[in-house]
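One structure below.
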Amino acid sequence: AAITSAALAGDPVAAAVLEQFCVFLGRVVGNNVLTLGSLGGVYIVGGVVPRFTEFFMNSGFKRAMGEKGVMSGYFKNLPVWLVTAEYPGLMGSGVALQQAFGSQI
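With positions in the sequence shown counted from 1, the corresponding number in my numbering is that position plus 343.
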């Protein structure tokens, strides 16, 4: 929390640390996309990222995610969504129940 706060307040060292976190996250996510064969996109949910949305969206995350040599083309049109809902799991469960049981709920 301290690094995030400092980075968002303009501390250049903290901003560099946060940028490096985004790049590392992008590399790991990119590996998982290729491993799992994701086609519909990437959802970043929970954790610390929603605390610095604007910074994240302007970071090297997406570039690092797609730097996969001959497989880089796989990422060209792959969307990335940052989920900021407070309880996305519960919201999704509610929608699934409603779709499955309709008015019986």
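Beta carbons: idealized from backbone N, C-alpha and C, even for Gly.
message: Within a Cβ cutoff of 7 Å, which residues of the same chain sit near A349, ignoring the five residues on either side of it in sequence?
response: Counting only Cβ-Cβ distances below 7 Å, and skipping sequence neighbours, we find A357.
message: Please state the DSSP three-state secondary structure of V391.
response: Per DSSP, reduced to three states, the secondary structure at V391 is coil, with no helix or strand assignment.
- request: Please classify K405: is it buried, with 16 or more other beta-carbons within 10 angstroms of its beta-carbon, or exposed?
  value: So K405 ends up on the buried side.
- request: Could you please give me the residues that DSSP links to V426 through a beta bridge?
  value: Paired residue(s): V388.
message: For N374 and F364, I'd like the C-alpha separation in whole angstroms.
response: Our two residues, N374 and F364, have alpha carbons roughly 16 Å apart in a direct line.
field: Inter-residue Cα distance where the pair is A345 and G369
entry: Each residue's Cα considered, the two are about 22 Å apart.
Three-state secondary structure (DSSP) of A352: In the structure shown, A352 falls within a coil segment according to DSSP collapsed to helix, strand and coil.
query: Between E429 and K411, what straight-line distance do the alpha-carbon atoms span, to the nearest angstrom?
result: Cα-Cα distance, rounded: 33 Å.
task: Specify, as a first and last residue, the run of the alpha helix (DSSP H) that F418 falls within.
output: Premise fails: F418 is in no alpha helix (DSSP H) and is neither H nor E.
message: Tell me the residue span of the alpha helix (DSSP H) that contains A439.
response: Where A439 is concerned, the enclosing alpha helix (DSSP H) stretches over P431 to F444.
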